[in-house]
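One structure is given below, encoded as structure tokens.
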Amino acid sequence: MKKLPRRTFLRLAAGAAALPAAPRIASAQTYPVRPVRILVGFAAGGGADIMARLIGQWLSERMNGSFVVENRPGAGTNLATETVVNAAPDGHTLLLVTSSNAFNATLYHDLKFNFLRDIAPIAGVDREPHVIEVNPSLPVHTVPEFIAYAKANPGLNMGSGGVGSGNHVAGELFSMMTGVRFTHVPYRGAAPALVDLMGGQVQVLFAVLSSSIEHVKAGKLRALAVGTATRSAVLPDVPTVADFVPGYEASFWTGVGAPKGTPAEIVDALNKEINAGLADPRMRARFAELSVTAMPGSAADFGKFLAEETERWGEVIRAAGIRAG
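Printed below as a string of structure tokens:
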């Protein structure tokens with residue numbers, strides 16, 4: 210896919226939330242008039258699926274309708290995205306937007322859609338850090354020690370959930386910013402990568418916190434630093450990567466989008482209710498259990514975030530020469 214200039218990215222994202230509301234199939238007063246599908250590009254049971262179901266349940270209770278999660282894995286989440294892009298813009302088909310959408314705009318060169326142009330941002334939902342985790346046998350306890358060890362032992366095996374996965378690109382960003390060199394070992398998903406990290410077949414994994422926190426607490430893995438700008442409440446003693454590598458940030462995030470042309474009043478109504486959910490004490494408690502942080506804001510805020518993430522990770526993917534498939 211051709212790289213768009215920064216201004217074009219930001220213009221597309223900011224304008225998506227204010228696209229003409231035609232055809233006005235439904236209004237905020239009557240919406241929804243039938244069950245709403247929330248498409249998820251991952252299999253059931255994972256973190257993204259759980260988040261979609263939490264939001265779907267909340268919206269069902271608040272909007273007097275049925276919001277049903279439909280798992281549509283395949284093609285690196287592009288199958289679900291394309292389905293939503295081609296759906297009627299009436300608010301009855303939504304997309305659980307994730308970090309993968311930002312990666313895929315650069316990873317894939319034959320997409321039949323332009324994510325920033327064809328998906329209207331509705332609201333951010335959550336984000337959680339990628340965490341630098343090593344096998345406890347590795348003689349490092351801090352990021353500076355890890356960098357020194359990796360430079361002295363170039364080619365450490367870095368596991369990931371696959372080429373172009375969040376684990377992969379988070380590791381490549383770290384490599385670019387520190388000068389260390391890893392041997393990338395892709396797996397068919399992050400779960401088997403975690404198993405081999407604990408077994409010592411790979412030495413480091415830029416793991417998503419929610420999928421690995423129990424292993425860290427059990428002492429099976431050592432967490433060196435979290436990728437978000439601030440420390441995690443569930444790992445308060447673990448510093449941020451940016452404490453040692455200024456400017457580093459890597460997190461997995463989710464949000465909600467709709468086909469372009471979805472009426473603005475429906476986008477606004479959904480944004481209002483999703484933000485209400487993110488502020489609800491019960492929802493916040495559930496987020497804490499899942500080791501994630503709410504990401505509230507307007508539709509325009511989420512659109513700006515999507516454009517920035519797509520551009521930022523696109524630069525990493527191009528510099529590292531990562532290609533899908």
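Add 209 to a position in the sequence shown, counting from 1, and you land on the number used in the working numbering.
Glycine included, C-beta positions come from ideal geometry on N, C-alpha and C.
For clarity, every value in this text was computed on a predicted model and none was experimentally measured.
* For Leu414, which of helix, strand or coil comes out of DSSP? -> Look at Leu414 here: in three-state DSSP terms it is strand.
* By Cβ distance, which residues of its chain are closer than 8 angstroms to Val277, with the 5 residues on each side in sequence left out? -> Hits under 8 angstroms: Pro244, Val245, Arg246, Ile247 and Gly265.
* To do: Kindly indicate which residue of Glu482, Leu479 and Val435 has the alpha-carbon position closest to the one of Ala459.
  => Ranking Glu482, Leu479 and Val435 by Cα distance to Ala459 puts Val435 first.
* Could you pull out every unbroken alpha helix (DSSP H) segment of at least 4 residues lying fully inside the region 338–396, listed in chain order? => If only complete runs of 4 or more residues are kept, the region 338–396 shows the alpha helix (DSSP H) at 352–361 and 375–387, in order along the chain.
* For Gly523, is the classification buried or exposed, using 16 other Cβ atoms within 10 angstroms of its Cβ as the cut-off for buried? -> Buried, because 16 or more other Cβ atoms sit within 10 Å of the Cβ of Gly523.
* Asked: Cα separation between Ala314 and Ala442?
  -> Rounded to the nearest whole angstrom, the C-alpha separation of Ala314 and Ala442 is 32 angstroms.
* Backbone secondary structure at Ile247 - three-state DSSP -> Ile247: strand per DSSP, three-state reduction.
* To do: Return the CA-CA distance between Leu406 and Leu414, expressed in angstroms with no decimal places.
  => Leu406 and Leu414 have their C-alpha atoms spaced approximately 7 angstroms apart.
* Name the two residues that bound the continuous alpha helix (DSSP H) containing Asn280. => In the DSSP annotation of this structure, Asn280 is not part of any alpha helix (DSSP H); the continuous beta strand (DSSP E) holding it starts and ends at Phe276 to Asn280.
* **As assigned by DSSP and simplified to three states, the class of Ala296** => In this structure, Ala296 counts as coil in the three-state DSSP scheme.
* Asked: At which residues does the alpha helix (DSSP H) containing Ala528 begin and terminate?
  -> Counted as a single uninterrupted DSSP element, the alpha helix (DSSP H) harbouring Ala528 occupies residues Ala508 to Ala529.
* Length of the line joining the Cα atoms of Val465 and Gly254 -> Taking the straight line joining both Cα atoms gives about 18 angstroms.
* To do: Using the Cα positions of Arg220 and Glu520, report the straight-line distance between them to the nearest angstrom.
  => Note that Arg220 has pLDDT 48, beneath the 50 cutoff, so the model's placement of it is unreliable and the number below is only indicative. For the pair Arg220 and Glu520, the Cα-to-Cα distance works out to about 13 angstroms.
* **Beta-carbon contacts of Gly398 that lie in its chain and below 8 angstroms, excluding the five residues immediately before and after** => Taken in chain order, the residues that qualify are Gly370 and Gly371.
* Cα-Cα, which of Pro298, Ile526, Ala261 and Glu270 is closest to Ile475? -> Each of Pro298, Ile526, Ala261 and Glu270 was checked against the Cα of Ile475, and the nearest Cα belongs to Pro298.
* Asked: Closest to Gly388 by CA distance: which of Ser374, Ala359 and Pro395 is it?
  -> Taking only the C-alpha atoms, the option nearest Gly388 is Ala359.
* Own chain partners of Met385 with C-beta closer than 8 angstroms, once the 5 adjacent residues on each side are dropped -> Within the same chain, Val525, Ala528 and Ala529 come within 8 angstroms of Met385 by CB-CB distance, once the 5 residues on both sides are set aside.
* To do: With a cut-off of 8 angstroms on the beta carbons, I'd call Tyr457 and Phe514 a contact; round off their distance for me.
  => Tyr457 to Phe514, Cβ: 18 angstroms. No contact.
* When you compare only the Cα positions, how much space is there between Pro345 and Phe511? -> In a straight line, the C-alpha of Pro345 is about 38 angstroms away from that of Phe511.
* Which residues mark the beginning and the end of the beta strand (DSSP E) in which Pro468 is found? -> It spans Ser460 to Pro468 - the beta strand (DSSP E) in which Pro468 sits, taken as one unbroken run.
* Asked: Given Thr439, which residues of its chain have a CB within under 8 angstroms of its CB, disregarding the five upstream and five downstream residues?
  -> In chain order, Thr449 place their CB closer than 8 angstroms to the CB of Thr439, counting only its own chain and leaving out the 5 sequence neighbours on each side.
* Asked: Taking Cβ to Cβ, would you say Pro296 is nearer than 7 angstroms to Thr302?
  -> The amino acid at residue 296 is misidentified as Pro; the sequence shows Ala. Yes, these two residues count as a Cβ contact at 7 angstroms.
* Which whole-angstrom value describes the C-beta separation of Ala508 and Pro330, a residue pair presumed to lie in contact below a C-beta threshold of 8 angstroms? -> Right, their Cβ atoms sit about 5 angstroms apart.
* Pull up the CB-CB distance for Ser309 and Gly364, whole angstroms please, since I reckon it's below 8 angstroms. => 27 angstroms between Cβ atoms; not a contact.
* Asked: Shortest alpha-carbon distance to Arg281 belongs to which of Ala257, Arg491 and Pro445?
  -> The option with the nearest alpha carbon to Arg281 is Ala257.
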